[in-house]
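Input: a single structure, listed below in structure tokens.
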Amino acid sequence: MKLTARTRYAARVLVALAVHGTEGPLTTTTLSRHTDISVQFLEQILKDLRRAGLTASARGAMGGHRLALPPAKITLGAVVRLMEGGIRIAEHCTLADTPGDKLTCLGWTRAADAVESALDAITLDDMAKGLPDATEHDPYHDGGMTSDMADRSGRPGV
Numbered sequence: 030m031k032l033t034a035r036t037r038y039a040a041r042v043l044v045a046l047a048v049h050g051t052e053g054p055l056t057t058t059t060l061s062r063h064t065d066i067s068v069q070f071l072e073q074i075l076k077d078l079r080r081a082g083l084t085a086s087a088r089g090a091m092g093g094h095r096l097a098l099p100p101a102k103i104t105l106g107a108v109v110r111l112m113e114g115g116i117r118i119a120e121h122c123t124l125a126d127t128p129g130d131k132l133t134c135l136g137w138t139r140a141a142d143a144v145e146s147a148l149d150a151i152t153l154d155d156m157a158k159g160l161p162d163a164t165e166h167d168p169y170h171d172g173g174m175t176s177d178m179a180d181r182s183g184r185p186g187v
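The opening position of the sequence shown corresponds to residue 30 in our numbering, with each subsequent residue numbered one higher.
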């Protein structure tokens, strides 16, 4: 299962909002700096998150984006389902028509259930608490990602 950049970035945005939740709404520009996501792409992601009821926004001088739910109520599973349209690992099992497919579907289904359970067990609150200590480089506070946070392709990590 390979997650799209859109999904990884949505999780990054939500964690940034969880970290800054007590500081009031964050502008799109501020979120862009904290997450290293372009304003254009960020606006698309925020639109999806707002429509799903995970974030709320307000216009005006004191406006910005905030979480619509407590960070402990938003799971990584919910983010993946929203952005990917579901958690699909054993999708082919509904079409299993060969003996080989039927024999392997139990394993694939079990793996899919385990992945789904694991994603549902991780909340934004959990991820926000796992951020580096204030004495270390913290991309959500100083606006940049370090090279050690990039995956093998060189793109910033979640």
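Note that beta-carbon positions come from the ideal geometry of N, C-alpha and C, so glycine has one too.
Quick one: is residue i buried, meaning 16 or more other Cβ sit within 10 Å of its Cβ, or exposed?
{"i": "Ser67", "result": "exposed"}
{"i": "Leu96", "result": "buried"}
{"i": "Arg41", "result": "buried"}
{"i": "Ser61", "result": "buried"}
{"i": "Leu132", "result": "exposed"}
Could you give the residue range of the alpha helix (DSSP H) that holds residue i?
{"i": "Arg80", "result": "Val68 to Arg80"}
{"i": "Ala40", "result": "Ala34 to Val48"}
{"i": "Gly93", "result": "Careful: Gly93 lies outside any alpha helix (DSSP H), inside the beta strand (DSSP E) at Gly93 to Leu96."}
{"i": "Leu105", "result": "Leu105 to Glu113"}
Comparing C-alpha positions only, which one of the options sits nearest to residue i?
{"i": "Gly53", "options": "Leu78, Gly93 and Lys131", "result": "Gly93"}
{"i": "Arg139", "options": "Leu153, Thr127, Leu32 and Cys122", "result": "Cys122"}
{"i": "Thr33", "options": "Leu83, Ala81, Met112 and Leu148", "result": "Met112"}
Suppose the cutoff is 6 Å on Cβ atoms and the five residues either side in sequence are ignored; what does the same chain contact list for residue i look like?
{"i": "Ala141", "result": "Ile118 and Ala119"}
Can you tell me where the beta strand (DSSP E) with residue i in it begins and where it stops?
{"i": "Ala85", "result": "Thr84 to Ala87"}
Please confirm whether residue i and residue j have their CB atoms less than 7 Å apart.
{"i": "Ala47", "j": "Ile74", "result": "no"}
{"i": "Leu148", "j": "Leu98", "result": "no"}
{"i": "Ser86", "j": "Arg80", "result": "no"}
If I measure Cβ to Cβ from residue i and keep anything under 7 Å in the same chain, skipping five residues before and after, which residues do I get?
{"i": "Thr164", "result": "Any reading at Thr164 needs caution, since the residue's pLDDT is 35, under 50, leaving its predicted position unreliable; the model's value is listed next. None."}
In chain order, what residues of the same chain have a beta carbon less than 8 Å from the beta carbon of residue i, not counting five sequence neighbours either side?
{"i": "Met156", "result": "Ala40, Val44, Ala47 and Leu105"}
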